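Presented below is the structure to which this report refers.
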Amino acid sequence: MRILPFLSLLTFFLAACSAAVVDPPSAAPASAPTPSTAANDSEFIRTSCETTLYPELCYHSLAGYANAVQQDPGRLARVAIGVSLSRAARMTIYLANVSRQVDYSADHRQPWPSTTASLSSATRWTR
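In case it helps, mature numbering (1 follows the signal peptide of the UniProt record, and there is no 0) puts the sequence shown at residues -19 to -1, 1 to 108.
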């Protein structure tokens, strides 16, 4: 079912938010920030995703945003929210389309028994 990936991302988001709230940045003296490399940024996302129910799905969903996240839990949480919202919106559209197709199918399936009965009686009349 397609809702499981969404739930996994939502779980990741909640874990990332709780990590950001529980472990806020310390008030350490200002020092020159260490340059963030793409490998370190990706590894940060991979490590963060290890706490989720579906770590590989989490990582593959968020790895493309490594440069935007730059090892910042708050940014990671915001990106995870954005990805989750985007997927939720797509899921809503998908379910609406499926629902419409089921309704359309049900509307067009209903006349068949009466049509079949009419054809059966017509064949009896033509004998």
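All residues carry an ideal CB built from backbone N, CA and C; glycine is no exception.
Bear in mind the structure is a predicted one, so any value in this text is a computation, not a measurement.
Under the three-state reduction of DSSP output, Y75 falls in the helix class. C-alpha of F25 to C-alpha of L76: approximately 34 Å in a straight line.
Between S23 and L57, the C-beta spacing is not below 9 Å.
Membership of A49 in the alpha helix (DSSP H) is indicated by the continuous run 47 to 50. Where E37 is concerned, the enclosing alpha helix (DSSP H) starts and stops at 36 to 43.
Rounded to the nearest whole angstrom, the C-alpha separation of I74 and L43 is 22 Å.
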